[in-house]
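Trainee: Sequential numbering of the sequence shown, starting at 32, is according to my numbering. All C-beta atoms, glycine included, are put in the ideal place defined by N, C-alpha and C. Given the structure is predicted, the values throughout are model-derived calculations rather than measurements. Here's a structure for you.
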Amino acid sequence: MDARNHSGVSEFVFLGLTNSWEIQLLLLVFSSVLYVASMTGNILIVFSVTIDPHLHSPMYFLLASLSFIDLGACSTASPKMIYDLFRKHKVISFGGCITQIFFIHVIGAVEMVLLIAMAFDRYVAICKPLHYLTIMNPRICISFLTAAWVIGIIHSLFQLVFIVNLPFCGPNVLDSFYCDLPKLLQLACRDTYRLQFMVTINSGFICVGSFLILLLSYIFILFTVWKHSSGGSSKALSTLSAHVTVVFFFFGPTMLVYTWPNPNSQMDKFLALSDAVLTPFLNPVIYTFRNKEMKTAMKRVFRPLEIFRKSSKIIL
């Protein structure tokens with residue numbers, strides 16, 4: 032993947048999100064706040080699930096795994112974008128671009144598999160509650176997580192195969208704020224129509240296929256829930272609605288980016304910004320503020336710190 036072996040281009044130049052200083056200032060504040068909030072929220076979820084024994088269940092194991100992946104999702108493109116907002120010359124090295132593409136696709140594929148695993152977890156919990164702990168045993172949870180990472184890495188390496196031997200001799204300007212395959216292929220020094228088609232099929236098929244599996248799963252679960260009128264139905268619907276909301280926020284921008292034949296440049300940037308900054312922030316918000324057990328667990332985890340803080344004030 033050395034740029035000297037495969038390319039006359041040693042770096043790529045980003046055009047960024049906008050040329051307006053006012054909008055850039057707004058984006059700087061907006062993106063910085065969401066990035067810090069995303070990191071904080073996802074770290075809190077991982078920490079709470081790890082520390083609190085009340086959350087040592089399959090559902091929260093998968094939730095913590097999703098939050099861990101979201102830490103990577105919000106750190107792959109956001110820090111570079113925030114750093115570049117007020118730089119006139121926004122550049123990334125050839126190797127850095129390839130690395131960014133690799134992690135974007137690993138994280139995206141892992142998150143898709145985890146969302147499918149979480150849908151399966153809710154299916155078992157709602158449709159087969161008496162067999163829940165038997166089916167969703169620790170070995171199954173670890174298998175889901177392992178499969179997610181294996182699929183993510185294989186998918187990403189398969190994507191990189193498309194560009195490893197491509198010549199890049201200029202121009203080197205990307206109308207974006209991060210590196211990804213569709214725009215990068217357009218800069219190659221040879222016809223890449225077939226490669227672009229294969230990338231669209233590969234990523235688009237995974238996105239649309241995963242989304243349809245999740246959609247059908249949730250429709251089936253909803254029909255099962257509606258057949259029951261017990262007190263647990265409202266709780267199940269509340270949990271299910273949180274999952275559905277996350278799925279739509281994650282898959283919406285991703286599917287449009289990889290399946291829309293000729294996307295508008297500004298719309299493409301908006302969708303990418305939503306996927307890079309907004310989605311990792313919404314996941315912990317949706318799962319935390321709509322989950323009483325998670326909120327209670329966070330209070331339990333941080334209660335000793337609060338007691339210590341009050342004690343310190345009394346001593347002083």
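Does the Cβ-Cβ distance between Phe80 and Tyr66 come in under 7 Å?
Mentor: Looking at the sequence provided, one finds Val at residue 80 rather than Phe. Result no, Cβ atoms of Val80 and Tyr66 do not sit closer than 7 Å.
Trainee: Are Pro284 and Ser69 close, meaning C-beta to C-beta below 7 Å?
Mentor: The answer is no: Cβ separation not under 7 Å.
Trainee: Return the chain-ordered list of same chain residues with a C-beta closer than 8 Å to the C-beta of Ile138, the five sequence neighbours on each side being excluded.
Mentor: Cβ within range, chain order: Ile100, Gly103, Ala104, Thr107, Gly183.
Trainee: Determine the contact status of Phe45 and Leu191, defining contact as a CB-CB distance below 7 Å.
Mentor: Contact: no.
Trainee: Count the other CB atoms, across all protein chains shown, that sit within 10 Å of the CB of Asn322; report buried if there are 16 or more and exposed otherwise.
Mentor: With 16 or more other Cβ atoms within 10 Å, it is buried.
Trainee: Spatial neighbours of Leu86 within its chain, please: C-beta separation below 6 Å, excluding the five flanking residues on both sides.
Mentor: Result list for Leu86: Val80, Ala328, in chain order.
Trainee: Buried or exposed, going by whether 16 or more other CB atoms sit within 10 Å of the CB of Ile250?
Mentor: Its Cβ having fewer than 16 others within 10 Å, Ile250 is exposed.
Trainee: Write down every uninterrupted run of the alpha helix (DSSP H) in the stretch 152-195 whose length is 4 residues or greater and which is fully enclosed by it, in chain order.
Mentor: Those alpha helix (DSSP H) runs which fall completely within the stretch 152-195 and span 4+ residues are 163-166, 169-192.
Trainee: Gly39 and Phe199 look like a contact to me (Cβ under 8 Å); what is the Cβ gap, rounded to whole Å?
Mentor: Contact holds; Cβ gap of about 7 Å.
Trainee: For Ile74 and Leu243, I'd like the C-alpha separation in whole angstroms.
Mentor: Distance between the alpha carbons of Ile74 and Leu243: 30 Å.
Trainee: Could you pull the start and end residues of the beta strand (DSSP E) that Lys121 belongs to?
Mentor: 121-124 is the extent of the beta strand (DSSP E) around Lys121.
Trainee: Span of the beta strand (DSSP E) holding Val67?
Mentor: Element bounds for Val67: not the beta strand (DSSP E) but the alpha helix (DSSP H), 52-82.
Trainee: On the three-state DSSP scale, how would you describe Val141?
Mentor: If DSSP states are grouped into helix, strand and coil, Val141 belongs with the helices.
Trainee: Within a Cβ cutoff of 7 Å, which residues of the same chain sit near Val141, ignoring the five residues on either side of it in sequence?
Mentor: Same-chain partners within the cutoff: Ile100, Ala179, Trp180, Gly183.
Trainee: Among Ala95, Ser109, Ile76, which one has its Cα closest to the Cα of Leu309?
Mentor: Of Ala95, Ser109, Ile76, the residue nearest in Cα terms is Ser109.
Trainee: Alpha carbon to alpha carbon, what distance is there between Phe134 and Thr255?
Mentor: When rounded, the distance between both Cα atoms is 38 Å.
Trainee: For the alpha helix (DSSP H) that Val256 lies in, which residues bound it at each end?
Mentor: Element bounds for Val256: 224-257.
Trainee: Going by beta-carbon coordinates alone, are Tyr318 and Leu94 separated by less than 7 Å?
Mentor: It is a contact, given that the beta carbons lie within the stated cut-off.
Trainee: Applying the criterion that 16 or more other CB atoms from any shown protein chain within 10 Å of the CB defines a buried residue, is Thr223 buried or exposed?
Mentor: Thr223 should be labelled buried.
Trainee: At the level of alpha carbons, what is the spacing between Met32 and Met298?
Mentor: Below a pLDDT of 50, predicted positions are generally treated as unreliable, and Met32, at 44, falls in that range; no measurement from the model is reported.
Trainee: Got a sec? Which residues, its chain only, sit under 6 Å from Ala150 by beta carbon, not counting five neighbours each side?
Mentor: Leu245, Ser248.
Trainee: Which of helix, strand or coil does DSSP assign to Leu360?
Mentor: Residue 360 lies beyond the residue range present for the chain, which begins at 32 and ends at 347; the question has no answer from this structure.
Trainee: So what does DSSP say about Val275, is it helix, strand or coil?
Mentor: Correct three-state label for Val275: helix.
Trainee: Label Arg153 either buried or exposed according to how many other C-beta atoms from any shown protein chain fall within 10 Å of its C-beta, with 16 as the threshold for buried.
Mentor: Classification of Arg153: buried, given that the 10 Å Cβ count is 16 or more.
Trainee: So the alpha helix (DSSP H) Leu218 belongs to, where does it begin and stop?
Mentor: That residue, Leu218, is in no alpha helix (DSSP H); it is neither H nor E in DSSP.
Trainee: Quick one: using the 10 Å Cβ neighbour count with 16 as the cut-off for buried, is Gly47 buried or exposed?
Mentor: With 16 or more other Cβ atoms within 10 Å, it is buried.
Trainee: Please say whether Ser63 and Ile129 have beta carbons closer to each other than 7 Å?
Mentor: Contact flag unset, no.
Trainee: Helix, strand or coil: which one does DSSP assign to Leu309?
Mentor: If DSSP states are grouped into helix, strand and coil, Leu309 belongs with the helices.
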